[in-house]
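Engineer: Encoded as structure tokens, here's the structure I'll be asking about.
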Amino acid sequence: MANRFNKTNSTEWDDTKGTAQAVLHGDLNDTIGDTTPPIGTVIGWLADFTGTPASLPDGWVLCDGSVLSDANSPLNGQTIPDINGDEQFIRGVSGATGGTGGSETHTHTHGTSSPKGNGGGSLDRFSTGGTKTTTSGNHVPEHYDVVYIMRVK
Amino acid sequence: MTLGKWDNNGDCNFTDDTKNDSDDLNNTIGEATPPIGSIVAWHASLTGVPASLPDGYVECNGQVLSDADSPMNGETMPDLNNATDATSRFLKGNSTSGSPGGGTITDHDHSITNWSSTAGDSPTHYIPQGNNTSDEQELPPYIDMRWIIRVK
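Going down the list, the protein sequences come from chains A and B.
End of the first sequence = 153 in the working numbering, gap-free, step of one.
End of the second sequence = 152 in the working numbering, gap-free, step of one.
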């Protein structure tokens with residue numbers, strides 16, 4: 001990452017104040033905290049793209065079902081969700097996060113009706129009332145595979 | 001937030017330690033920001049959202065990246081936003097990234113499984129309604145966003 005921090009760019013710089021640096025540090029901490037994705041953020045990562053660095057920065061881990069071992073993280077010891085191994089999509093929820101559901105395939109039933117004869121009447125050897133179960137078909141929407149990662153500290 | 005690497009005690013001075021401070025700050029930012037290659041949703045059309053992206057992000061519109069400062073310079077960005085391939089895509093987790101998929105309901109059967117008969121008559125036949133389909137798509141509830149990728 002390019003150096004973006006220098007004296008001339010700092011609006012907090014004040015040579016006359018001995019506390020200038022502390023003020024600056026505090027402001028920078030606040031700024032970083034306010035503007036970066038919070039701990040627990042899950043985002044997609046194009047891990048296998050040409051040019052993408054091979055390893056993640058220290059604050060991020062793969063969502064691969066591993067138990068986090070990082071004493072500096074408030075998530076230390078917890079199992080990270082296996083979004084990648086389970087090949088899941090993410091959806092919004094107002095309640096508790098982490099619930100799972102859905103399926104790539106499903107079965108459903110169709111009602112039945114009587115076929116009609118040429119004269120408009122029902123064919124007497126056919127009847128309605130049964131339900132017909134389909135075999136499952138894959139109905140995954142158009143998507144693009146990414147490796148999901150989570151910020152852990 | 002756990003910074004750790006950014007010393008906030010104010011006991012050093014800029015004359016001697018500015019470089020160390022800059023390095024520490026860069027490390028801190030590097031840990032806290034989405035890494036290069038991250039794809040995030042951007043609500044471009046929401047009132048108040050700035051019209052342009054920061055310099056390190058581009059839209060995922062299938063374009064060739066031209067940015068000498070990016071390790072992805074010259075690469076074709078994925079088209080996730082219906083820019084050229086007429087497909088708006090969801091992101092799905094996988095152990096390996098970069099593959100598209102989905103979008104159609106695979107061929108399936110509507111089988112007749114129930115046979116019955118009435119007294120003194122031939123068996124009653126049930127006929128399923130509807131057709132086999134292979135060209136439909138089932139969309140879960142969604143909201144449109146613009147996918148963007150960090151490139152440097």
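Where is the CB? At the ideal position from N, CA and C, for every residue including glycine.
#1: Counting beta carbon pairs with one atom in the stretch 40-55 of chain B and one in the stretch 56-68 of chain A, are three or more of them shorter than 8 Å?
#2: Out of curiosity, what's the CA-to-CA distance linking residue 146/B and residue 73/A?
#3: For a test of the three-state rule: what should DSSP assign to residue 148/B, helix, strand or coil?
#4: Under a Cβ-count criterion, where at least 16 other Cβ atoms within 10 Å of its own Cβ denotes burial, should residue 142/A be classed as buried or exposed?
#5: Report the residue from 68/A, 144/A and 137/A whose alpha carbon sits nearest the alpha carbon of residue 81/A.
#6: Using a Cβ-Cβ cut-off of 7 Å (strictly less than) and excluding sequence neighbours within five positions of residue 40/B, which residues of its own chain qualify?
#7: May I ask you to report which of helix, strand or coil DSSP gives residue 47/A?
#8: State whether the stretch 84-102 of chain A contacts the stretch 61-77 of chain B, with contact taken as three or more CB pairs (one from each stretch) at a distance under 8 Å.
#9: If you drop the 5 nearest sequence neighbours on each side, which residues of the same chain put their C-beta closer than 6 Å to that of residue 36/B?
#10: Output, in chain order, the set of chain B residues within a Cβ distance shorter than 7 Å of residue 48/A.
#11: Are there 16 or more other CB atoms within 10 angstroms of the CB of residue 92/A, so buried, or fewer, so exposed?
#12: According to the Cβ coordinates, are residue 151/A and residue 31/A closer than 8 Å?
Structural biologist: Let me spell this out:
#1: no
#2: 31 Å
#3: strand
#4: buried
#5: 68/A
#6: 34 and 148
#7: coil
#8: no
#9: 150
#10: 96, 97 and 98
#11: exposed
#12: no
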